[in-house]
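Enquirer: Take a look at this one; I'll ask things after.
In our numbering, the protein residues as written are 425 to 605.
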């Protein structure tokens, strides 16, 4: 097979373009947290969780949140036991300045498929509302909505909804968090 000189130059350009673009980003320096990241900063710390599942069963748990990657991302580790099973979940929350939305990825020990969310913070009601898609335990696509209300810096109330075929949200669980002192 004979490779022509113009094709070789074009292939080299395609391979080098991402590296050159990356050098431009490095010259600017890493991004700094913006005002939207103040919301993420308030999540940092140790939390006690109490919640009820869809069947009314009550459980307790803990959540640890750390700001990582220069304060751009909140990394959470949630641990609990319910229905006789140990549960662990991990969250990665940030702000996408291009979409102008908060973004979140959630993975846990009860599902092999991540949940992806995005949404907005309403400063007046102190509520973060996210919507997203994932797959249920049966592997079928599902739509979700979450609302997290922050009455003060030491409490938050998280409610997860499944969006039904009719488009209406149905509550799945509510978790009340209190900051450990």
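A virtual CB, placed ideally from N, CA and C, is assigned to each residue, including glycine. All of these numbers come straight from a predicted model, not from anything done at the bench.
#1: What whole-angstrom Cβ distance do residue 599 and residue 582 have, given they're in contact under 8 Å?
#2: For residue 487, count neighbouring C-beta atoms within 10 Å of its own C-beta (all shown protein chains included) and say buried if the count is 16 or more, exposed if not.
#3: Does any residue of chain C bring its CB to less than 9 Å from the CB of residue 550?
#4: For residue 496, name the three-state secondary structure that DSSP assigns.
#5: Between 546, 528, 544 and 480, which lies nearest to residue 538 when the distance is taken from Cα to Cα?
#6: From the DSSP output, read off the bridge partner residues of residue 557.
#7: Would residue 503 and residue 485 qualify as a contact pair, given that the criterion is a beta-carbon distance under 9 Å?
#8: Which residues in the same chain as residue 474 place their Cβ atom closer than 6 Å to its Cβ, once the five residues preceding and following it in sequence are excluded?
#9: Tell me which residue opens and which closes the alpha helix (DSSP H) that residue 462 is part of.
#10: Which residue wins for smallest C-alpha separation from residue 494, given the options 594, 458 and 512?
#11: By the 10 Å Cβ neighbour count, where 16 or more other Cβ atoms means buried, how is residue 534 classified, buried or exposed?
#12: Residue 510 to residue 454, Cα distance in whole Å?
#13: Rounded to the nearest angstrom, how far is the Cβ of residue 518 from that of residue 552, given a contact under 8 Å?
#14: For residue 454, which residues does DSSP report across the bridge?
#15: Measuring alpha carbon to alpha carbon, tell me which residue in 556, 550 and 482 is nearest residue 507.
#16: To the nearest angstrom, how far is it from the Cα of residue 436 to the Cα of residue 522?
Expert: Well, looking at it:
#1: 5 Å
#2: buried
#3: Protein chains in the displayed structure number just one, and chain C is not present.
#4: coil
#5: 528
#6: 540 and 567
#7: yes
#8: 484 and 600
#9: 461-467
#10: 458
#11: exposed
#12: 38 Å
#13: At roughly 12 Å, the Cβ-Cβ gap does not stay under 8 Å, so residue 518 and residue 552 are not in contact.
#14: Partner(s): none; residue 454 has no beta bridge.
#15: 482
#16: For residue 436, the predicted model reports a pLDDT of 49, less than 50, meaning its position is unreliable and no value from the coordinates is stated.
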